[in-house]
Amino acid sequence: RDKFVRGKISSWNVSLQQLLPANHSLTLGYVANRQNDMTRNLNENYGQLGGGTASQPYRELTTAAINVQGPYGRVDYDSFQASVNKRMSGGLQYTAAYTFAKAIDWWAGTIPQPEFRHLNKGDQANSNPHLFNTSVIYSLPFGNGQKFLNDAGALSHIAGGWQVNAFFTARSGTPFTVTSSAASLNAGTGTPQMADLVNEDVEILGGLSPYFDVTAFRPVTAVRFGTAGFNTLRGPGVANLDLSVFRTFALGGARTLQLRVEALNATNTPHFSNPASNVSNLQLNPDGSVRSLNGFGVITSTERRGRQYDEREFRLGLRMTF
26 RDKFVRGKIS
36 SWNVSLQQLL
46 PANHSLTLGY
56 VANRQNDMTR
66 NLNENYGQLG
76 GGTASQPYRE
86 LTTAAINVQG
96 PYGRVDYDSF
106 QASVNKRMSG
116 GLQYTAAYTF
126 AKAIDWWAGT
136 IPQPEFRHLN
146 KGDQANSNPH
156 LFNTSVIYSL
166 PFGNGQKFLN
176 DAGALSHIAG
186 GWQVNAFFTA
196 RSGTPFTVTS
206 SAASLNAGTG
216 TPQMADLVNE
226 DVEILGGLSP
236 YFDVTAFRPV
246 TAVRFGTAGF
256 NTLRGPGVAN
266 LDLSVFRTFA
276 LGGARTLQLR
286 VEALNATNTP
296 HFSNPASNVS
306 NLQLNPDGSV
316 RSLNGFGVIT
326 STERRGRQYD
336 EREFRLGLRM
346 TF
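Using the working numbering, you'd call the opening residue of the sequence shown number 26 and step up by one each time.
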């Protein structure tokens, strides 16, 4: 019996850090890794193009896909990263970070036929070429020991102890594949089909129905794979702002009570999922104009990012330390 081949991940990075005035620091870096022989599923019960289920090797047992894990995966990742940090001073602390990255997955698709596996290469699922994050903590300059309202009066007690926090993130959309019916491919179960790309400059319209120019693709009606490639389009990007306000009360000694009010997705901005992407659903008129999208290119849902709904969400909390 053959030995199981374990994958290997090689990673490296180089960075340069520079101290800047006013408690700031700048970091620039190159971060990369190579993932080789990673475990992936491969359908061993694939048929030949045009051969149908009759060409599947295990058809007498089943015509369903038979997935076997093996060292087929490979991912190449390269990125440039930059960040600016300000240490806490004057009640203010913040971090801003930007990453520009490219992640190529040699198994982005799932074509099992050995002579066509090179077509699986594409952008890695869930990869983001552009990612920006910033977080801010600001202790308001009011109350005892602060710049303003620092007497012992009632107004000082009311205005003191407040802290405002913000976290903002923005990223590119995730990639998706424009697919087509595999009927003409006729390669049995478990072989995917891509659409044909008829206009390489695919316009991203940005709307919900449709999100992109649907006429840039056509269904495949011959015994061959489509030309669109895997993960060649990206869905809507995401921009999100979370805000919170903390109020700390001194209870004597080391004891404090902190009231927290948080607003997740404070702007109540929807974050849309990728559109439906099967071009075979598209219906055209004889002149090539769109008669019915029939769902193709249409966005019908939002990202929930760990929460039940994609909407503004308030949270209240108390934290006691002693």
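All residues carry an ideal CB built from backbone N, CA and C; glycine is no exception.
Keep in mind that this is a model prediction, so the values were computed, not measured.
Counting only runs of 3+ residues, the beta strand (DSSP E) found wholly inside the segment 47-118 occupies 49-68 and 92-114, in chain order. For residue 195, the closest alpha carbon among the candidates 256, 296 and 252 is that of 296.
Three or more beta-carbon pairs separated by less than 8 Å are not found between the segment 147-156 and the segment 72-85, which leaves the two stretches without contact. At a Cβ-Cβ threshold of 8 Å, residue 211 and residue 161 do not count as neighbours.
Under the DSSP definition of a beta bridge, residue 217 lacks any partner. In this structure, 229 is the residue among 229, 62, 163 and 87 with its C-alpha nearest to the C-alpha of residue 300. CA-to-CA, the gap between residue 133 and residue 145 works out to about 5 Å.
Cβ contact annotation for residue 310 (same chain, cutoff 8 Å, sequence separation greater than five): 316, in chain order. A contact between stretches requires three or more CB pairs, one per stretch, nearer than 8 Å, and the segment 110-125 fails this requirement with the segment 90-99. For residue 135, same chain residues with a beta-carbon under 6 Å away, outside a window of 5 residues either side, are 217 in chain order. When the five nearest sequence neighbours on each side are left out, the beta carbons in the same chain lying within less than 8 Å of the beta carbon of residue 323 are those of 233, 234, 235, 236, 300 and 301, in order along the chain.
DSSP places residue 291 outside both helix and strand once states are collapsed to three, so it counts as coil. DSSP places residue 181 in the uninterrupted alpha helix (DSSP H) bounded by 179-184.
Counting only the Cα atoms, residue 99 lies some 5 Å from residue 131.
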